[in-house]
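**Student:** Structure below; questions to follow.
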Amino acid sequence: MSHSPHNFSIPVMGTGHSIDSPIRVGPYGINSVISIVDDLLVEKIRKYYCQKYDFEYDNIGRTAEDGRARRITAYLDTVKEIVGKKFSAIKNQPFFEKNDKAKYFEMLPDRSAIKEKYNQLMSTDEGSMRDRLSCELSRMMKPGSIDVNIMAKVDKLNYSKGGAPMSKEFSDASAALRGYAKSKVSSSLILSAGFNPRLYNYITEFKDFYRDTKGEIKKKIILKVSDFRSALIQGKYLAKKGLEVFEYRIESGLNCGGHAFPSDGHLMPSLLREFREKRDQLTNAVQPLIEKYYEENEDGFSDDWKITEPRLTVQGGIGVSGEAERLLSDFEMDATGWGSPFLLVPEATTVDKPTRQLLEDAGEKELYLSGVSPLGVPFNNVRDTGSEQWHQERINKEKPGSPCPKGYLKSNTEFTEQPICTASTQYQLLKLDQIAQSEMAEDEKEQKRQKVLNKACLCDHLGNGALINLGILAEHRAPQAICPGPNIAYYEGEYTLRDMVDHIYGRNESLADEQRPHMFAKEITLYVDYVEELAEQLDGESGLKKLQKFQKNLDRGMAYCLEIADSIPYQDENLSSISFTVSKQKERLHSIISNYEERISVKV
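Per the numbering used here, residue -19 is the first one in the sequence shown, and the count goes up by one each step.
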């Protein structure tokens, strides 16, 4: 991976749970991703680390000019300085001692060239050869990348103090992009949650996303995508502007943490097979466009430069080393992303103790796809969080919703001229009053009331765990939300960083439950669960067509999964769960569609 000797990374997890992960794992060469949605949280974390490392700190106030971008820039520069400081300290440690330098090398994948050279050093006697290998290995050490994530569609336009709309470069996503672009870090920008032409066009304003005179790109672009067609369209759109996609990050639509973006039943194995078979198109389609851009807008495309094939990585529900090996070997992925298991690793993520305990104890029934997100997108959740309790207390006091202290997810104009958030008290009281005065049947009213009251303050609550973990806020003052993937149900206890890395590389006894279903089997179940819920919301022939589309794609994907189930398993890979799941869920899917057909025929 970029800067990393490892073949896995730690993806973004909420606004706060990976907010300082680069500081924690970057010195050991592991890539991780920071969310820069919440610039106010970022500022609090910067203040904490400036005090910890005795750095100069000047507060960038909430009303400061271009404050959002400046807060993000300042934080990323601080993270870069700390990672550099910690990495240099490790690099300067001696070999042949039990220290962090040994930990750095021992955690590397066994088949990597640098690990082989390290093993060679460990078996070399004192002398000039050992001295030469020591110097060479120290030079080969690299810190992990300080990558950032922007949800492209979370791009609220903002207003001045006087209520006048501000220009588009001050929208939330554009200001966040500017904050990253002006920082000193050389890393990758991950764009997720959809295609935003305005934001993509704004990237062209910053030279760090283009090749320098040596043909190198300081800030690379990673697109999180759900299918090949989307990857190709977005890649070509950016290429026409001279922007190259360094990596396509493929994520399961449902077997993931955070917001879920379910496809029309396209299962992960089918998607990965298409990427593998059509991979060359991702290069061939954009190369002429890149070269044309540099010929027309720069000093030309140098013969010494090469359009490199974009990397393909995958994340979402990976749980054992054998599953990762299948993705790397059979599907020819370049790396994998491991998210939710790291929520149980205090060395890697910022999770407060009560919430981490909640995750340790959570089983399949406690983890669910919720409707709490004000974005109106399904959101992976765990029951009985501090956030859930806080919201229920406010409902009991007849003050539902949140005061909306940050407002990043304001988008609703049903009752107001300027957007408000559907998780806010203002919106919920207005909406509940409208429902009460309607002429709907009482059971329908209650369903709609619950849907309104389900919305939670993610802007604030997803960052509170980090503030509690770092001692910035007391637990009773900060209700916590968290967004683990379903995969966390199969892990118990708290793990060290070394434990989890060894688990990823299959070097110890698996940390996951022996009965854990294969990631492909779990995704099938999640999709049929989703179809069942969808069937309750749809109606008529149009609904039937939608469900039949899901069924067709799921049937095709399950057939391919059965082929995989017949192959030789990799280490700890529970292939037998795939066959069992396909048999059970195929029957269940057929029943759901049949019941829907019967229901709409009765209405007719």
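Just so you know, even glycine gets a beta-carbon here, dropped at the ideal spot from N, CA and C.
Anyone know if the C-beta pair for Phe530 and Val508 falls short of 7 Å?
**Tutor:** Taking the first residue of the sequence shown as position 1, residue 530 is located at position 550. Taking the first residue of the sequence shown as position 1, residue 508 is located at position 528. No; because the gap between Cβ atoms is not below 7 Å, this pair is not in contact.
**Student:** Are the Cβ atoms of Pro249 and Cys541 separated by less than 7 Å?
**Tutor:** Within the sequence shown, residue 249 is the residue found at index 269, counting from 1. Within the sequence shown, residue 541 is the residue found at index 561, counting from 1. Yes, Cβ-Cβ distance for Pro249 and Cys541 is below 7 Å.
**Student:** Name the DSSP beta bridge partners of Pro145, please?
**Tutor:** Taking the first residue of the sequence shown as position 1, residue 145 is located at position 165. Pro145 pairs with Tyr139.
**Student:** Quick one: grab the DSSP three-state call for Met(-19).
**Tutor:** Here residue -19 refers to the residue found at position 1 when the sequence shown is read from its first residue. With a pLDDT of 44 at Met(-19), under the threshold of 50, the modelled position of that residue is not reliable, and no figure is offered here.
**Student:** Assuming Leu137 contacts Pro145 under a Cβ cut-off of 8 Å, what Cβ separation, rounded to an integer in Å, is found between them?
**Tutor:** As a first step, residue 137 is located in the sequence shown; it is residue number 157 there, counting from the start. As a first step, residue 145 is located in the sequence shown; it is residue number 165 there, counting from the start. Confirmed, about 6 Å.
**Student:** Touch check for the segment 445 to 457 and the segment -7 to 8: three-plus C-beta pairs under 8 Å?
**Tutor:** Touching, per the Cβ criterion.
**Student:** Quick check: the Cα distance between Cys30 and Trp318, rounded to an integer number of angstroms?
**Tutor:** On the sequence shown, position 50 is the one that residue 30 refers to. On the sequence shown, position 338 is the one that residue 318 refers to. Cα-Cα distance, rounded: 29 Å.
**Student:** Have a look at Pro497 and Leu307 and give me their C-alpha separation to the nearest angstrom.
**Tutor:** Stepping through the sequence shown from its first residue, residue 497 is reached at position 517. Stepping through the sequence shown from its first residue, residue 307 is reached at position 327. Computed Cα separation, rounded: 16 Å.
**Student:** Does Val481 come out as helix, strand or coil in the three-state DSSP assignment?
**Tutor:** Walking along the sequence shown from the start, residue 481 turns up at place 501. Helix.
**Student:** Take the Cβ of His246 as the centre, count every other Cβ of all protein chains shown within 10 Å, and call the residue buried at 16 or more, exposed below.
**Tutor:** As a first step, residue 246 is located in the sequence shown; it is residue number 266 there, counting from the start. His246 is buried by the Cβ-count criterion.
**Student:** Kindly indicate which residue of Gly297, Tyr274, Ala153 has the alpha-carbon position closest to the one of Lys286.
**Tutor:** For the purposes of this step, residue 286 is taken as residue 306 along the sequence shown, with counting starting at 1. Ranking the options by Cα distance to Lys286, first place goes to Tyr274.
**Student:** Using CA coordinates, which residue listed in Gln551, Leu506, Asn129 is at the minimum distance from Leu491?
**Tutor:** Numbered from 1 along the sequence shown, position 511 holds the residue referred to as residue 491. Measuring from the Cα of Leu491, the nearest candidate turns out to be Gln551.
**Student:** Are Glu23 and Arg50 touching if we call contact CB-CB under 7 Å?
**Tutor:** Mapped onto the sequence shown, residue 23 falls at position 43. Mapped onto the sequence shown, residue 50 falls at position 70. Contact: no.
**Student:** Could you tell me the boundaries of the beta strand (DSSP E) in which Asp127 lies?
**Tutor:** Position 147 of the sequence shown, counting from 1, holds the residue named residue 127. That run of the beta strand (DSSP E) goes 126 to 131.
**Student:** Whose CA, out of Glu521, Met121, Glu106, Val134, lies closest to the CA of Lys83?
**Tutor:** What you label residue 83 is simply residue 103 of the sequence shown in a count that begins at 1. That would be Met121, whose Cα lies nearest to the Cα of Lys83.
**Student:** Is the segment 547 to 561 close to the segment 258 to 277, with three or more CB pairs under 8 Å?
**Tutor:** The segment 547 to 561 vs the segment 258 to 277: no contact.
**Student:** Could you tell me which of Leu409, Pro358, Arg178, Lys27 sits nearest to Pro383, measuring between CA atoms?
**Tutor:** Position 403 of the sequence shown, counted from the first residue, corresponds to residue 383. Minimum Cα distance to Pro383 is reached at Leu409.
**Student:** May I have the straight-line CA-CA distance separating Glu116 from Ser108, to the nearest angstrom?
**Tutor:** For the purposes of this step, residue 116 is taken as the residue at position 136 of the sequence shown. For the purposes of this step, residue 108 is taken as the residue at position 128 of the sequence shown. C-alpha separation (whole angstroms): 12 Å.
**Student:** Please report the residue range of the beta strand (DSSP E) in which Ser151 lies.
**Tutor:** If you number the sequence shown from 1, residue 151 lands on position 171. That residue, Ser151, is in no beta strand (DSSP E); it is neither H nor E in DSSP.
**Student:** Measure the beta-carbon distance from Phe175 to Ala219 and round it to whole angstroms, keeping in mind my assumption that it falls under 8 Å.
**Tutor:** Within the sequence shown, numbered from 1, the residue matching residue 175 stands at position 195. Within the sequence shown, numbered from 1, the residue matching residue 219 stands at position 239. Not confirmed; about 14 Å, so no contact.
**Student:** Determine the DSSP secondary structure at Phe226, reduced to helix, strand or coil.
**Tutor:** As a position in the sequence shown, residue 226 is number 246, starting the count at 1. Strand at Phe226.
**Student:** Output needed for Leu590: all residues of its chain with C-beta closer than 8 Å, excluding positions within five of it in sequence on either side, in chain order.
**Tutor:** Nothing can be reported for residue 590: it is not among the residues displayed for the chain, which extend from -19 to 584.
**Student:** Alpha carbon to alpha carbon, how far is Glu567 from Leu169? Give it in angstroms, no decimals.
**Tutor:** Stepping through the sequence shown from its first residue, residue 169 is reached at position 189. Stepping through the sequence shown from its first residue, residue 567 is reached at position 587. Leu169 and Glu567: Cα-Cα distance of roughly 42 Å.
**Student:** From Ile14, Lys27, Lys32, pick the residue whose C-alpha is nearest to that of Gly41; which is it?
**Tutor:** As a position in the sequence shown, residue 41 is number 61, starting the count at 1. Ranking Ile14, Lys27, Lys32 by Cα distance to Gly41 puts Lys27 first.
**Student:** CB Pro74 to CB Asn(-13), shorter than 7 Å?
**Tutor:** One-based indexing of the sequence shown puts residue 74 at position 94. One-based indexing of the sequence shown puts residue -13 at position 7. Taking 7 Å as the Cβ cut-off, Pro74 and Asn(-13) do not qualify as a contacting pair.
**Student:** Can you grab the Cα-Cα spacing for the pair Glu426 / Phe395, in whole Å?
**Tutor:** For the purposes of this step, residue 426 is taken as the residue at position 446 of the sequence shown. For the purposes of this step, residue 395 is taken as the residue at position 415 of the sequence shown. If you take the alpha carbons of Glu426 and Phe395, they lie about 21 Å apart.
**Student:** For Asp19, count neighbouring C-beta atoms within 10 Å of its own C-beta (all shown protein chains included) and say buried if the count is 16 or more, exposed if not.
**Tutor:** What you label residue 19 is simply residue 39 of the sequence shown in a count that begins at 1. Buried, since its Cβ has 16 or more Cβ neighbours within 10 Å.
**Student:** For the segment 491 to 551, list the alpha helix (DSSP H) runs that are entirely contained and at least 4 residues long, ordered along the chain.
**Tutor:** Qualifying alpha helix (DSSP H) stretches, in chain order: 499 to 517, 520 to 545.
**Student:** Determine, using beta-carbon pairs with one atom in the segment 335 to 342 and one in the segment 220 to 236, whether at least three such pairs fall under 8 Å.
**Tutor:** Segments in contact, no.
**Student:** Does DSSP classify Ala44 as helix, strand or coil?
**Tutor:** Your numbering for residue 44 matches position 64 in the sequence shown. Ala44: coil per DSSP, three-state reduction.
**Student:** Identify every residue that forms a DSSP beta bridge with Gln337.
**Tutor:** Taking the first residue of the sequence shown as 1, we reach residue 337 at position 357. In DSSP, Gln337 forms no bridge with anything.
**Student:** When you compare only the Cα positions, how much space is there between Ala461 and Val331?
**Tutor:** For the purposes of this step, residue 461 is taken as the residue at position 481 of the sequence shown. For the purposes of this step, residue 331 is taken as the residue at position 351 of the sequence shown. So the alpha carbons of these two residues sit roughly 10 Å apart.
**Student:** Quick check on the burial criterion: 16 or more other C-beta atoms within 10 angstroms. Buried or exposed for Glu227?
**Tutor:** Within the sequence shown, the letter at position 247 stands for residue 227. So Glu227 ends up on the buried side.
**Student:** For Gln261 and Leu212, what's the separation of their Cα atoms in angstroms?
**Tutor:** Here residue 261 refers to the residue found at position 281 of the sequence shown. Here residue 212 refers to the residue found at position 232 of the sequence shown. Using only the alpha carbons, I get a separation of about 8 Å.
**Student:** Within the continuous beta strand (DSSP E) that includes Leu234, where are the two ends?
**Tutor:** For the purposes of this step, residue 234 is taken as residue 254 along the sequence shown, with counting starting at 1. Note, Leu234: premise wrong, no beta strand (DSSP E); not H, not E.
**Student:** Which value, in whole angstroms, describes the spacing of the CA atoms of Gly143 and Pro380?
**Tutor:** The residue you call residue 143 lines up with position 163 of the sequence shown. The residue you call residue 380 lines up with position 400 of the sequence shown. Distance between the alpha carbons of Gly143 and Pro380 is about 26 Å.
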